[in-house]
Amino acid sequence: MTKNIFILAFFTLAISGNSQTLKLEEIMKGESFIGNQPTYGRWSLDGKKVYFEWNPTNDLGASTYSWQKGAVKPVLVEPKEAAFSKLDFKRKPTSDVVYYSDKGGLYSYSISTKTVKKILQQSTPVSNVELGSAEGTVFFEQNDNIFKYNAKEGTVLQITNFTKGVKKEKTPEKDSFLKTQQKELFQFIRDAAAKKQWNLAKSKAVKSDFAKEYYYGKDNFYNLKANPNGNFTTFSLAEESDNKKEKMEVFITDDGYNQTPNTKEKVSTANLVKTKFGIYSVAKDSVYFVNFSTLSHIQDNPKYYEAYDNLKNKAKEDRLITAQAPVYNENGSLAIVELRSQDNKDRWLVSLNAENGSFKEIEHQHDDAWIAGPGIPSYSFDSGVLGFLGDNETIYFQSEVTGYSHLYTYNLKTGKKVQLTSGNWEVRDVTLSNDKKTFYLTTNTTHPGNRNFYKLPAAGGTLESILTKDGAHEVVISPDEKSLLVRYSYKNIPWDFYVADNKKNTTLKQISSSVSESFKDYKWREPEVITFKAQDGTPVNARLYTPKTENANKAAIIFVHGAGYLQNAHNYWSNYYREYMFHNLLTDLGYTVLDIDYRGSDGYGRDFRTGIYRFMGGKDLSDHLDGKKYLVEKYGIDASRVGIYGGSYGGFITLMGMLTTPGEFASGAALRSVTDWAHYNHGYTGNILNFPETDPEAYKKSSPIYYADNLKGNLVMLHGMVDDNVEYKDIVRLSQRFIELQKKNWSLASFPVEAHGFKETYSWIDEYSRILNLFNSTLLKK
1 MTKNIFILAF FTLAISGNSQ TLKLEEIMKG ESFIGNQPTY GRWSLDGKKV YFEWNPTNDL
61 GASTYSWQKG AVKPVLVEPK EAAFSKLDFK RKPTSDVVYY SDKGGLYSYS ISTKTVKKIL
121 QQSTPVSNVE LGSAEGTVFF EQNDNIFKYN AKEGTVLQIT NFTKGVKKEK TPEKDSFLKT
181 QQKELFQFIR DAAAKKQWNL AKSKAVKSDF AKEYYYGKDN FYNLKANPNG NFTTFSLAEE
241 SDNKKEKMEV FITDDGYNQT PNTKEKVSTA NLVKTKFGIY SVAKDSVYFV NFSTLSHIQD
301 NPKYYEAYDN LKNKAKEDRL ITAQAPVYNE NGSLAIVELR SQDNKDRWLV SLNAENGSFK
361 EIEHQHDDAW IAGPGIPSYS FDSGVLGFLG DNETIYFQSE VTGYSHLYTY NLKTGKKVQL
421 TSGNWEVRDV TLSNDKKTFY LTTNTTHPGN RNFYKLPAAG GTLESILTKD GAHEVVISPD
481 EKSLLVRYSY KNIPWDFYVA DNKKNTTLKQ ISSSVSESFK DYKWREPEVI TFKAQDGTPV
541 NARLYTPKTE NANKAAIIFV HGAGYLQNAH NYWSNYYREY MFHNLLTDLG YTVLDIDYRG
601 SDGYGRDFRT GIYRFMGGKD LSDHLDGKKY LVEKYGIDAS RVGIYGGSYG GFITLMGMLT
661 TPGEFASGAA LRSVTDWAHY NHGYTGNILN FPETDPEAYK KSSPIYYADN LKGNLVMLHG
721 MVDDNVEYKD IVRLSQRFIE LQKKNWSLAS FPVEAHGFKE TYSWIDEYSR ILNLFNSTLL
781 KK
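For the sequence shown, the UniProt record's numbering begins at 1 and goes up steadily by one.
Dropping the structure here:
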């Protein structure tokens, strides 16, 4: 074989497949080639229909389709019905009436009579509709204040009166000579002044029942929420950060003039802001704030401080925290608040006494790395799984205390904590039944790469299997809980919708068929999910694509998925569907392809998740080197003919592989790569590497730009110029280092109209033709 055989004419490549030829320009069309997969499944309010978004005709965008029992196939829905189906309805399980906001107005809808009632429509939009404890009581937000609608009385009342800024006090007028003279000379003037004072005193004696104005200054005001009885509202204030934002240059514009929009704030301690959690009492018509300084461990310094002389003896002080809006029981008698430290190493659940602004700590979670996991968001300003059971005194939540995210309950009156699930697997999603006595759980019980669906008594017991075959099940339960709408996929079977009875070991019935005839013409591989041992003994999963023996060329390509905390070595259809098809194409060419769920990936528990703490490019990279070793030892791959590629975090690992382990990879393609973590965003980076100001060594050893002098092998870098996630500047800065260091075996392909995720087919074709040419020209024997 010669290099010239694989040069792409007009970016086209034909590979003999099992029953058709794979062409690069076809597979890079993505869903236009595969068939557009349906998304966003939901039930109608009466449970008689299901809706989903779909684009089976390859229009410019998706439309809403519906299906009902007895139908042959889904049908296109009229725009008005489609829009209605997407609204966020608020409903008590036994109620016929639902409430919602639409185009800024407040509405109710009767399910039985199909009647819409417009309750309120003003120029200021309504948002955040919540149901009160009493039937027909609805709270909503408008202009940063809470309003209460009472269906029985037909009234709408404003119950808070918050205003940004400071109150402007009237400056009393100074008495002039003439004014003083008038009062001295004339009884009439003195009598008028006395009467005015008397009337003012009388008016103040009759107090208004309207909330007095509360000014909250320049702070950011958020998380406003009323309790179900409407006698308290809570809110949060955060100081405005003046941290400088990154700007992005946009060259291809409709008017021909460059644009420079702001994008993001870089990771920094400057993004840590003081917050306050406030309560407004309707009865007292007053605002007061909760003092959380007695939280356990709130003054604990992070463990990594011990590595720095200037920090290891740092004086104790309260760390900055954030508080979420409370979660209430049905009658509003109990409230739970979730709090996070802003360095995201601690999480607390507390029971709030709104009457006096006190709290009782009921759960503390700590991680020397960072708090996260399924049901426990990694961002300190987000809330996790948290709610009340039907007894109105027991809460449920998730914790990684065992090393895997599991479901727990805690009774606020008895103080009894119960672990409901256990094992070396994760609870991925939690839904509580209408009667609040049963959990429906999505887990990866049977395999880290599956998404299974189970039923579990809220009081504890045995998981009842509902959907457990290999693959992924995304389940939406019908309003009466008798039926399931399931979005299902397998390794080589794209997503489609199915329906099933809600019962043990149920059977799926397919209702949508998204796969195109062109896609069906090729026999797509089911990549084997294998496990190899990393050098520290940790089992690592990977997808393996192996060519037929007669086609094997003894070269291998390792793909690195992006996002860090993401899973790709699983048993269902990948978000990286273009890469999946590309790997089939590569395997037809004779390459062996390995797609590794390296350290930091999703689906494998806490220790695996935090394996990259303080060193990105450490265990996550060594997992790829161990994967290469596995291929060499078990599949006879030539160690000198292994390439590596990936995008985003995958591009970062590619760079770290090429620059910190020179010679291990003959070539690499780095797409939309982070080159210096001090220039990435705050929420993601601050969790893993702490902050540049407090942990500079973590940033230095984790950033490819510091290792530019080590480049060996052939490197192609590809980056969208309007990427507002990983800035184009990232790759420009590394390019400048290569230029200054006189490195020659690298190139940069820039894509002027592409952001982090490419959109245009011509860009995908150009990008992957360059990647394929790189590997064909560097990994195949001449």
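Each residue gets a CB set at the ideal place from its N, CA and C atoms; glycine is no exception. Note that the structure is predicted; figures quoted are calculated from it, not measured.
For the pair E426 and S405, the CB atoms are nearer than the 7 Å cut-off. Collapsing the DSSP output to three states places H364 in a strand. Taking every protein chain shown into account, the CB of E517 has fewer than 16 other CB atoms within 10 angstroms, so this residue is exposed. Rounded to the nearest angstrom, the Cβ distance from Y591 to A556 is 6 Å, consistent with a contact under 8 Å. For the 7 Å CB-CB criterion, K554 and I644 do not form a contact. For V560, the enclosing beta strand (DSSP E) stretches over residues 556 to 560.
Counting every other CB atom within 10 Å of its CB across the protein chains shown gives P448 a total of 16 or more, marking it as buried. Here Q259 has V250, T253 as same chain residues with Cβ atoms under 6 Å from its own Cβ, once five neighbours each way along the sequence are excluded.
Counting only runs that start and end inside the region 347 to 409, the beta strand (DSSP E) elements of at least 3 residues fall at 358 to 366, 386 to 388, 394 to 399.
D695 carries a coil assignment under DSSP once its states are collapsed to helix, strand and coil.
DSSP, reduced to helix, strand and coil, places Y706 within a helical segment of the structure shown. Per DSSP, reduced to three states, the secondary structure at E184 is helical. Bounds of the alpha helix (DSSP H) holding A83 are 79 to 85. Rounded to the nearest whole angstrom, the CA to CA distance from E81 to T124 is 25 Å.
For Y410, the closest of N424, G403, D429, G387 by C-alpha to C-alpha distance is G387. Residue state for G650 is assigned as helix, using DSSP reduced to three classes. Comparing C-alpha distances from D501 to each of S667, K701, N492, D480 shows the shortest one belongs to D480. In the DSSP secondary-structure assignment, K245 is bridged to E265. When the Cα atoms are used, D88 and L131 turn out to be separated by approximately 12 Å. Closest option to G423, judged by alpha-carbon separation, among L779, F397, L407: L407. From the listed residues I395, T322, Y280, the smallest Cα separation to S293 is found for T322. When the alpha-carbon of Y216 is set against those of P326, L334, L237, the nearest one is in L237. Contact between the region 349 to 369 and the region 255 to 270 is absent: fewer than 3 CB-CB pairs across the two stretches fall below 8 Å. Taking 8 Å as the upper bound for CB-CB distance, P38 and S514 are in contact here, some 6 Å apart.
Here D597 is not near A534, since their CB atoms are 7 Å or more apart. A distance of 7 Å or more separates the beta carbons of V126 and S108.
Between the C-alpha atoms of I765 and L24 there is a straight-line separation of about 7 Å. The continuous alpha helix (DSSP H) containing I688 extends over residues 682 to 689. DSSP places M656 within a helical segment (H, G or I) once states are collapsed to three. A distance below 7 Å separates the beta carbons of N714 and T778.
Between the region 54 to 61 and the region 601 to 613 there are fewer than three C-beta pairs closer than 8 Å, too few to call the two in contact. Ranked by Cα distance from K312, the first of Y728, S702, Q736, D695 is D695. Annotation: K548 to L631 spans about 15 Å, alpha carbon to alpha carbon. Going by C-alpha positions, Y649 is about 6 Å away from G564. Here DSSP, grouped into helix, strand and coil, assigns S296 to coil.
K436 places its beta carbon less than 7 Å from that of L389.
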